[in-house]
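**Q** Position 935, counted from 1, in the sequence shown is what numbering that gives the first Met the number 0 calls 934; the numbers after and before it change by one each time, with no gaps. Ideal placement from N, C-alpha and C gives every residue a C-beta, glycine not left out.
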Amino acid sequence: MRMLDRSPANAVPDPGELEQDLIALIEESRERSSEDPFRNPVLAVTLAITRRFDREEIDDDDLDGLFTRLRAQSLIARAERLRGYVGLDRDTQTSADNTMPARLVAAIPKGTGDFETFRDLVGRTGFAVVFTAHPTFGMPKAVAALIAEATSQDSEAARLPLLEKAAALSTRPDAKISLDDEFEQACLAANHGRTALDSFNAALLDAARARWPDRWTELVPKPFAIASWVGCDTDGRTDIGWWDTLRYRLESKRMQLDRVMRHLPDVPATNVVRELTQGALAAVNRQLAVAPRLGTKPTLEAVHRFSLALIIERERAQTDSGPILAGLAGAIGGVESDEDRRAIALLRSGIATHGLSNALPHFRLNASQIHNAVRRVIDLDGEPTDAAHRRSHLATIHALLNDVQPVAVDFGALAAERASAARLMMTIAQILKHVDGTHPVRFLIAETETGYTLLAALWLARHYGISDKVEITPLFETASALEQGIRVLDDALRNPHWRAYLKRIGRLTVQFGYSDSGRYVGQLAASFWIERLRLRITDLMTQNGLSGIELAIFDTHGESIGRGAHPTSLRDRLAYLAPEDSRHKNRKAGIKVRLESSFQGSDGYLMFGTQALARSTVERIAEHVFAFDTADDDSFADYVLSDAPGADETDDPIYGEADFAAEFFTVARQDMEALVDDPGYAALLGTFGPSLLDRTGSRPVARQTDSGGPSMITHPRQMRAIPNNAILHQLGYLANSLHGLGRAASRAPDLFRDMRRDSVRFSRAFRLAQHASAVGDLDVLRAYIDTLDPAMWLERARRTQRDDRRDELLVIATALDRLRLAPDLRRLFGRLTSDWLSLQSAAPDLGKMSVRLTMLHALRLALIHRIWFLAVHIPGFRPQSGITREQLIERFLRLDIDGCLAMLDEIFPITPDPTLGLNFGEPAGPRDVGTYESEHKTIFGPIRQSFARVRELSGMIQHEVGAFG
Numbered sequence: 000m001r002m003l004d005r006s007p008a009n010a011v012p013d014p015g016e017l018e019q020d021l022i023a024l025i026e027e028s029r030e031r032s033s034e035d036p037f038r039n040p041v042l043a044v045t046l047a048i049t050r051r052f053d054r055e056e057i058d059d060d061d062l063d064g065l066f067t068r069l070r071a072q073s074l075i076a077r078a079e080r081l082r083g084y085v086g087l088d089r090d091t092q093t094s095a096d097n098t099m100p101a102r103l104v105a106a107i108p109k110g111t112g113d114f115e116t117f118r119d120l121v122g123r124t125g126f127a128v129v130f131t132a133h134p135t136f137g138m139p140k141a142v143a144a145l146i147a148e149a150t151s152q153d154s155e156a157a158r159l160p161l162l163e164k165a166a167a168l169s170t171r172p173d174a175k176i177s178l179d180d181e182f183e184q185a186c187l188a189a190n191h192g193r194t195a196l197d198s199f200n201a202a203l204l205d206a207a208r209a210r211w212p213d214r215w216t217e218l219v220p221k222p223f224a225i226a227s228w229v230g231c232d233t234d235g236r237t238d239i240g241w242w243d244t245l246r247y248r249l250e251s252k253r254m255q256l257d258r259v260m261r262h263l264p265d266v267p268a269t270n271v272v273r274e275l276t277q278g279a280l281a282a283v284n285r286q287l288a289v290a291p292r293l294g295t296k297p298t299l300e301a302v303h304r305f306s307l308a309l310i311i312e313r314e315r316a317q318t319d320s321g322p323i324l325a326g327l328a329g330a331i332g333g334v335e336s337d338e339d340r341r342a343i344a345l346l347r348s349g350i351a352t353h354g355l356s357n358a359l360p361h362f363r364l365n366a367s368q369i370h371n372a373v374r375r376v377i378d379l380d381g382e383p384t385d386a387a388h389r390r391s392h393l394a395t396i397h398a399l400l401n402d403v404q405p406v407a408v409d410f411g412a413l414a415a416e417r418a419s420a421a422r423l424m425m426t427i428a429q430i431l432k433h434v435d436g437t438h439p440v441r442f443l444i445a446e447t448e449t450g451y452t453l454l455a456a457l458w459l460a461r462h463y464g465i466s467d468k469v470e471i472t473p474l475f476e477t478a479s480a481l482e483q484g485i486r487v488l489d490d491a492l493r494n495p496h497w498r499a500y501l502k503r504i505g506r507l508t509v510q511f512g513y514s515d516s517g518r519y520v521g522q523l524a525a526s527f528w529i530e531r532l533r534l535r536i537t538d539l540m541t542q543n544g545l546s547g548i549e550l551a552i553f554d555t556h557g558e559s560i561g562r563g564a565h566p567t568s569l570r571d572r573l574a575y576l577a578p579e580d581s582r583h584k585n586r587k588a589g590i591k592v593r594l595e596s597s598f599q600g601s602d603g604y605l606m607f608g609t610q611a612l613a614r615s616t617v618e619r620i621a622e623h624v625f626a627f628d629t630a631d632d633d634s635f636a637d638y639v640l641s642d643a644p645g646a647d648e649t650d651d652p653i654y655g656e657a658d659f660a661a662e663f664f665t666v667a668r669q670d671m672e673a674l675v676d677d678p679g680y681a682a683l684l685g686t687f688g689p690s691l692l693d694r695t696g697s698r699p700v701a702r703q704t705d706s707g708g709p710s711m712i713t714h715p716r717q718m719r720a721i722p723n724n725a726i727l728h729q730l731g732y733l734a735n736s737l738h739g740l741g742r743a744a745s746r747a748p749d750l751f752r753d754m755r756r757d758s759v760r761f762s763r764a765f766r767l768a769q770h771a772s773a774v775g776d777l778d779v780l781r782a783y784i785d786t787l788d789p790a791m792w793l794e795r796a797r798r799t800q801r802d803d804r805r806d807e808l809l810v811i812a813t814a815l816d817r818l819r820l821a822p823d824l825r826r827l828f829g830r831l832t833s834d835w836l837s838l839q840s841a842a843p844d845l846g847k848m849s850v851r852l853t854m855l856h857a858l859r860l861a862l863i864h865r866i867w868f869l870a871v872h873i874p875g876f877r878p879q880s881g882i883t884r885e886q887l888i889e890r891f892l893r894l895d896i897d898g899c900l901a902m903l904d905e906i907f908p909i910t911p912d913p914t915l916g917l918n919f920g921e922p923a924g925p926r927d928v929g930t931y932e933s934e935h936k937t938i939f940g941p942i943r944q945s946f947a948r949v950r951e952l953s954g955m956i957q958h959e960v961g962a963f964g
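1) Pick helix, strand or coil for E549, following the three-state DSSP scheme.
2) For L379, which residues from the same chain have a beta carbon less than 8 angstroms from its beta carbon, with the 5 sequence-adjacent residues on both sides left out?
3) Only counting the same chain, and skipping five residues up and downstream in sequence, which positions put a Cβ closer than 7 angstroms to that of S584?
4) When the Cα of M99 is compared with those of R258, L81, D554 and A206, which residue comes out closest?
5) What would DSSP say about N365, mapped onto helix, strand or coil?
6) Note down the Cα distance separating A976 from A418, rounded to an integer number of angstroms.
7) Measuring only the C-alpha atoms, how far is Q703 from H370?
8) Ignore the nearest five residues each way along the sequence and tell me which others in A226's own chain have a CB closer than 8 angstroms to its CB.
9) Return the CA-CA distance between R102 and T665, expressed in angstroms with no decimal places.
10) My guess is that S597 and H556 are in contact by the Cβ rule of under 8 angstroms, so how many angstroms apart are they, rounded?
11) Pick helix, strand or coil for S945, following the three-state DSSP scheme.
12) In whole angstroms, give me the CA-to-CA distance for L148 and V142.
13) Using DSSP with H/G/I as helix, E/B as strand and the rest coil, what is Q599?
14) Taking only three categories from DSSP, how would you classify L917?
15) Using the three-state DSSP reduction, which class does E446 fall into: helix, strand or coil?
16) Return yes when the Cβ of P220 is within less than 8 angstroms of the Cβ of L204, no when it is not.
17) Using only CA atoms, which one of T124, A202, V675 and S762 lies nearest to N735?
18) For M848, which of R890, L307 and P40 has the nearest alpha-carbon?
19) Quick one: what's got a C-beta closer than 6 angstroms to A316's C-beta in the same chain, skipping five residues either side?
20) If we ignore side chains and look at the alpha-carbon of each, how far apart do M260 and G192 end up?
21) Could you check the C-alpha separation between F765 and L523 for me, to the nearest Å?
22) Could you give the first and the last residue of the continuous alpha helix (DSSP H) run that contains Q510?
23) Is the stretch 541 to 559 touching the stretch 495 to 505, taking contact as three or more C-beta pairs under 8 angstroms?
24) Where does Q92 sit, in a helix, a strand or coil, going by DSSP?
25) Is F126 helix, strand or coil when you go by DSSP?
26) Looking only at its chain, what residues have a beta carbon closer than 6 angstroms to the beta carbon of R29, apart from the 5 residues adjacent to it on each side?
27) Ends of the alpha helix (DSSP H) at E79?
28) In the DSSP assignment, the beta strand (DSSP E) including S227 goes from what residue to what residue?
29) Within a Cβ cutoff of 6 angstroms, which residues of the same chain sit near E807, ignoring the five residues on either side of it in sequence?
30) Find out if the Cβ-Cβ distance for the pair D554, F511 is shorter than 8 angstroms.
31) For the alpha helix (DSSP H) containing P789, list its first residue and its last residue.
32) In terms of residues, what are the limits of the alpha helix (DSSP H) holding L307?
33) Are at least three pairs of beta-carbons, each pair with one atom in the stretch 749 to 767 and one in the stretch 786 to 793, less than 8 angstroms apart?
34) Could you work out which residue in I888, R884, G940 and L892 is closest to I909 when comparing CA atoms only?
35) Compute the beta-carbon to beta-carbon distance between D670 and G739, rounded to the nearest angstrom, for a pair I have assumed lies under 8 angstroms.
36) Which ranges does the alpha helix (DSSP H) cover as unbroken runs of at least 4 residues, wholly within the stretch 466 to 492, from first to last along the chain?
See below:
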């Protein structure tokens, strides 16, 4: 393998030449490995880079320059993908007459009742954008803002300077991400979203005014809504106080009132609305002035002061949008210009949709929290999820619902409440009472696996007097929940209290999760099981005479393919989540559907990162929502749902081959479930995978062991879905989007190929696997696995010509042998390879990892090896806090670098003993008078610097793959 000549006469003049040299190394290594099946091309390049480090042919300055160049390339590619994903180029070339609002008006046949038809079409919310958080803020705010701004520029020349500015910054997430930071970023995206909705509604009103000049002011368009659960999601969290949630809702209210004040025409007809809004805004500001800050444990006096502000200012602050809406309705007829009428009409639409909130709230908690809250009034043995106790729990909760009476809720009782579900329900009651009671709020329940959970939540809501203002929503995400979901709903629907509740509230809401389901059964299989449940829910509603109520479906997913986000376009993403067949079935049954979809963290918020991006995103949503409602008129014939030639989404063959679909996805699921239970899979994810990732959110970090290091997981269930998926990205093989598909395809290869060609639904789903293949490579994964194999290090020790390097290699091999990872990892690699070979045979057109992404992995592996070589030179020391030098080296092998360096700073201080020279009144005892500047300079400092670069490369890999987690 050729080497870079770094003699003075041939010094590398710029990072571009170094990059090209590394690319040539990879291409040459790949070519040679095709002739030598025992050669790993990635490890070979890693070894070549390591040798250049040793000979100082690549130094720190070279790496800094190279990293800036590689960051720029990753960001340029990402901005181009984002631009295409939301369809920005298409929108810049679309005339006003051809936008969705104008086409919607044109799609309404002229005749009696045409205005009413249009009013009903746009007057019901058909889609909600939900901003979710979780630890998915994988890039700095500054970088995200520059990517969004650059993407929004029409010319490449305008984009490049912004992306170069971003490339000069680190890819690593902001050092400390608080819930306030997440809320701020969600609000920025929500504000852009609200502005985009206003633009869409304004275009609707303009088109309607041209067709119905005498009636357009009657319209209150609200086709889309903005929602958020940031600050309201308490599933698995104890660090969000009820006062935090109340403060966030007040902040959202203030933004809504600010919006009214900014856009309300300054004319006499709006004086009533202006006075109401000004008074409300001043009152809300006074309430916020005494709200406890995030992260504080407020005193009882502070809680009392905040409570009194909410109560005293309640009337002035307005707790229902009715008075402002009435004032706007009166004002619209009292202004003279159409411009002012439109401005008032837009404010009316925004408030009619969102009430007194900038974004509608979604509250979330876990089913076990519901069960614990109700357990104090139910004297039953066993768990409600246990089939042996199912009937007794359902009967008992029914009896409780027969007799439940609402109780008063005050802030004192809220402050004293200890049960998290009861506390959250009381918090909602106080928000509805003192902040905004315009609309029912969403109450999401994670891990719902029994109808008892829904009935228990209903009992809590009735107990606190808010059952008509809470939309109780089961989350179906786990494998068992997807299997049992229909029985969960059926058990609830058999209860007359639940049926009466649904009819009163007018909506059945369900939530589907693609994150946990994807990691346990595989992403494509999860999509199939979720769609099957969607279809069965439609049947269940029809059988129970509920076709007259609305069905709201909230699809919750991340921004990566492993967690349910389609990679090719926003159109495909929306159609992947809400397949055509299930939507047609709902229309045929007469069930109105409200679709909702999550946009999560830095990656999801990018689609609302500027007003231009938000407008294009809303335009794609509009195409998705309205294309089917007007299909009979062929008004959207150019809305192509598949790029497969001749494919017809209205007659998709995948539904005609029910046996193939069921068997294909069942096999894929079985193989993925077997992989999850494989000890090697846990070892792959848990050994040093978590340490490749920075902390990316406010949620508390993972548990630690008694010895201070990261805990070694024995099963993926001990790890959250987001790091699980992010680690697969970082290790170069997206198993949860690929594994099992090979064996599934090999059972009927001809039919598999036919479905890829002819089925819109199947080909769209398989494009996730195609993307996973393009950012994955078994050679890369094997390089990481071999890095954890002592045999590889012993083989290097056997062949090296350097005595000092041989000693280093032997220490590493011995430490790795103590971890006992290699046998399980080798078996795992065999399992993955076998299935991949079957998939490659059935789909030989699958892509492979780019040279640039391969280079990032090889560079990072070389840096990891460099860290290990340095770590074995740590001087000996007496056990500290029960940790020996050998254990510390094992922690270095697992890349617990921050923890190890913190301990080494204590063991080997760089500053002199501060007690030296002080007279303590007695003869001086022995002291360690030396410092360890040399160790810090030659070992600890270089380790710290190399690890920072390891994490920097993780950020670049994130951009290449397309998302964090």
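**A** Let me spell this out:
1) Counting from 1 along the sequence shown, the entry for residue 549 is found at position 550. DSSP places E549 within a strand segment (E or B) once states are collapsed to three.
2) The count along the sequence shown starts at 1 and reaches residue 379 at position 380. Excluding five sequence positions before and after L379, the CB atoms of its chain that fall closer than 8 angstroms to its own CB belong to H388, S391, H392 and T395, given in chain order.
3) For this step, residue 584 is matched to residue 585 along the sequence shown. Here the sequence assigns Lys to residue 584, which means Ser is not the residue at that position. The answer, listed in chain order, is L534 and T537.
4) Indexing the sequence shown from 1 puts residue 99 at position 100. Here the closest residue by C-alpha is A206.
5) Within the sequence shown, the letter at position 366 stands for residue 365. Reduced to three states, the DSSP call for N365 is strand.
6) Since the displayed the chain opens at 0 and closes at 964, residue 976 lies outside it and no answer follows.
7) As a first step, residue 703 must be located in the sequence shown, where it is residue number 704. As a first step, residue 370 must be located in the sequence shown, where it is residue number 371. Because the pLDDT at Q703 is just 41, under 50, the model does not fix this residue reliably, and the point stays unresolved.
8) Here residue 226 is taken as the residue at index 227 of the sequence shown, counted from 1. If you ignore the 5 residues before and after A226, its C-beta comes within less than 8 angstroms of the C-beta of A127, V128, V129, F130, A358, L359, P360, H361, R441 and E595, all in its own chain and listed in chain order.
9) Taking the first residue of the sequence shown as position 1, residue 102 is located at position 103. Taking the first residue of the sequence shown as position 1, residue 665 is located at position 666. Taking the Cα positions, R102 is about 42 angstroms away from T665.
10) Taking the first residue of the sequence shown as 1, we reach residue 597 at position 598. Taking the first residue of the sequence shown as 1, we reach residue 556 at position 557. With 8 angstroms as the limit, S597 and H556 qualify as a contact, their Cβ atoms being about 6 angstroms apart.
11) One-based indexing of the sequence shown puts residue 945 at position 946. In the three-state reduction of the DSSP assignment, S945 falls in the helix class, which pools H, G and I.
12) If you number the sequence shown from 1, residue 148 lands on position 149. If you number the sequence shown from 1, residue 142 lands on position 143. In the sequence as displayed, the identity of residue 148 is Glu instead of Leu. So the alpha carbons of these two residues sit roughly 10 angstroms apart.
13) As a working note, residue 599 is residue 600 in the sequence shown. In this structure, Q599 counts as strand in the three-state DSSP scheme.
14) Locating residue 917 in the sequence shown gives position 918, where the first residue counts as 1. DSSP places L917 outside both helix and strand once states are collapsed to three, so it counts as coil.
15) One-based indexing of the sequence shown puts residue 446 at position 447. In the three-state scheme derived from DSSP, where H, G and I count as helix and E and B as strand, E446 is classed as coil.
16) Residue 204 sits at position 205 when you count from the first residue of the sequence shown. Residue 220 sits at position 221 when you count from the first residue of the sequence shown. Against a cut-off of 8 angstroms, the Cβ pair of P220 and L204 comes out as a contact.
17) As a position in the sequence shown, residue 735 is number 736, starting the count at 1. The option with the nearest alpha carbon to N735 is V675.
18) By one-based count along the sequence shown, residue 848 stands at place 849. For M848, the nearest C-alpha among the options comes from P40.
19) Within the sequence shown, residue 316 is the residue found at index 317, counting from 1. Cβ within range, chain order: A279, A282 and V283.
20) Counting from 1 along the sequence shown, the entry for residue 260 is found at position 261. Counting from 1 along the sequence shown, the entry for residue 192 is found at position 193. Going from the Cα of M260 to the Cα of G192 covers about 18 angstroms.
21) Counting from 1 along the sequence shown, the entry for residue 765 is found at position 766. Counting from 1 along the sequence shown, the entry for residue 523 is found at position 524. Straight-line measurement puts the Cα of L523 at about 7 angstroms from the Cα of F765.
22) Within the sequence shown, the letter at position 511 stands for residue 510. No alpha helix (DSSP H) contains Q510, which is instead part of the beta strand (DSSP E) from R506 to G512.
23) Touching, yes.
24) Your numbering for residue 92 matches position 93 in the sequence shown. The three-state reading of DSSP puts Q92 in coil, since its state is none of H, G, I, E or B.
25) As a position in the sequence shown, residue 126 is number 127, starting the count at 1. Judged by DSSP in its simplified three-state form, F126 adopts strand.
26) Translated into the one-based positions of the sequence shown, residue 29 becomes position 30. So the qualifying residues of the chain are P40.
27) Working through the sequence shown from its first residue, we reach residue 79 at position 80. Counting along the chain, E79 sits inside the alpha helix (DSSP H) bounded by residues D59 to V85.
28) Counting from one through the sequence shown, the residue named residue 227 turns up at place 228. Per DSSP, S227 belongs to the beta strand (DSSP E) from F223 to S227.
29) By one-based count along the sequence shown, residue 807 stands at place 808. Correct list, in chain order: F868 and V871.
30) Along the sequence shown, read from residue 1 onward, the residue named residue 554 stands at position 555. Along the sequence shown, read from residue 1 onward, the residue named residue 511 stands at position 512. For D554 and F511, yes; Cβs fall inside 8 angstroms.
31) Here the question's residue 789 lines up with position 790 in the sequence shown. It spans P789 to R798 - the alpha helix (DSSP H) in which P789 sits, taken as one unbroken run.
32) For this step, residue 307 is matched to residue 308 along the sequence shown. Per DSSP, L307 belongs to the alpha helix (DSSP H) from L299 to I311.
33) With a cut-off of 8 angstroms on Cβ pairs, the stretch 749 to 767 is not in contact with the stretch 786 to 793, counting fewer than three such pairs.
34) In the sequence shown, residue 909 corresponds to position 910, counting from 1. When each option's Cα is compared against that of I909, the closest is G940.
35) Start at 1 with the first residue of the sequence shown, and residue 670 comes out as number 671. Start at 1 with the first residue of the sequence shown, and residue 739 comes out as number 740. Indeed they touch by this definition, with Cβ atoms about 3 angstroms apart.
36) Counting only runs of 4 or more, we get 478 to 492.
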